[in-house]
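Read in the numbering used here, the sequence shown has 1 at position 1, and its numbers run on one by one without any break.
All C-beta atoms in this analysis are idealised placements derived from N, C-alpha and C, irrespective of residue type, glycine included.
If you're wondering where the values come from, they're calculated on a predicted model, not measured in any experiment.
Comments concern the structure below.
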Amino acid sequence: MSITVRAAAKINLHLGVGRAREDGFHPLDTVYQAIGIHDDLTLSGADGLSLVTHVADHIDPAAVPPGDDNIVLRAARLLAEHAGREAAGAFEVRKDIPVAGGMAGGSADAAAALVACDRWWDLRTSDDDLLALAARLGSDIPFSLVGGTARGVGRGELVTPVDDSASWWWVAVPATEGLSTPAVYRHFDALHPDAPEAPASAEPLLAALATGEPLRLARALHNDLQEPAIDLRPELGDLIARGEAEGALRGLVSGSGPTVVFLCDSADGARETAAGLAGAGHDVVLTATGPVAGAHVLA
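What follows is the structure, encoded as structure tokens:
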């Protein structure tokens, strides 16, 4: 017997970043959206903990942290400690979410592990406790549990679902090399030593989202980390320009990058943009809709 949990990639429609706090973290005001690029995690019975990972062709297996360093096993141990029981189970992860790409691939796997272990071990952990455990593991992980579209504040770990009944079409282009999130934040600090303490508000983005109009949303997309990411990797700026020339309404670095996402006006628009980017020499071009559900049991 086994249980399979699916978790989705995330993108940031808005990412406002304030000046670093005394603890080193930056206050954020962000709007997340889960999109239809998924990792699937299967858990079955075992005496100890083990993990096997299978990656899609566009993912470098060496980029996935092995063994005890993998966040899946860390999530399992944390939940077991919270429940006062032994951590045991055999995990198998099939990854389609780009690694180190600003799309919360590791966070999705951690959320899937929490959901799978809670069900497999019959713990019935409250939603509030699961979210608190997720926040201890990483800032994006609570959203990976919630899914859909949500606003995140604090470090991004305090999430509130947003009513979003529209369906949005996205094209994602992962980079061949990852980009360190701490390095991007350090460069943000260097570029903006006098950044305001409070991050840029997500309210304009939320107002655009509520209209359900792709062009309005495109105009409101915002990422304070895009400038430092492009400064570190100038080719990202070239990629954004090319995608917009191929018909996308707007291109944006996803989170801290280096994946770039493009909002399109329709399914046909997404296919045309993806085809144009592939024709321009980008080997991996993914299309997806959002929002989709957070980590949930498939079987």
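Worksheet item: Considering only residues of the same chain and omitting the five flanking positions on each side of S107, which have a CB-CB separation below 6 Å?
Response: G138, D140, I141, S144
Practice prompt. Grab the span of the beta strand (DSSP E) containing P161 for me, first residue to last.
Written response: 158–161
Worksheet item: Looking at C-alpha atoms only, which residue of D231, Y32, D68 is the closest neighbour of M103?
Response: Y32
Worksheet item: Three-state secondary structure (DSSP) at I6?
Response: The question names Ile, yet the displayed sequence has Arg at residue 6. Three-state DSSP puts R6 in a strand.
Worksheet item: Below 8 Å between beta carbons: does that hold for L221 and L209?
Response: no
Worksheet item: Apart from the five residues just before and just after R124, which ones in its own chain have a Cβ nearer than 8 Å to its Cβ?
Response: D118
Fill in: Supposed close pair G16, D29 - CB separation, criterion 8 Å
4 Å
Discussion item. Spatial neighbours of D231 within its chain, please: C-beta separation below 8 Å, excluding the five flanking residues on both sides.
Written reply: H187, L191
Worksheet entry | Inter-stretch contact at 8 Å, needing at least 3 Cβ pairs: the region 84–99 / the region 39–55 | yes
Worksheet item: What beta strand (DSSP E) runs, 3 residues minimum, are completely inside the region 213–293?
Response: 250–253, 260–264, 286–290
Worksheet item: How long is the line joining the alpha carbons of E272 and R242, rounded to whole angstroms?
Response: 13 Å
Practice prompt. Determine the closest residue to L225 out of E203, T181, P193, W170, with distance taken between C-alpha atoms.
Written response: T181
Fill in: Counterpart residues of E92 in DSSP-defined beta bridges
T42, V52
Worksheet item: Between which two residues does the alpha helix (DSSP H) carrying W121 extend?
Response: Neither: W121 is in no alpha helix (DSSP H) and is coded neither H nor E.
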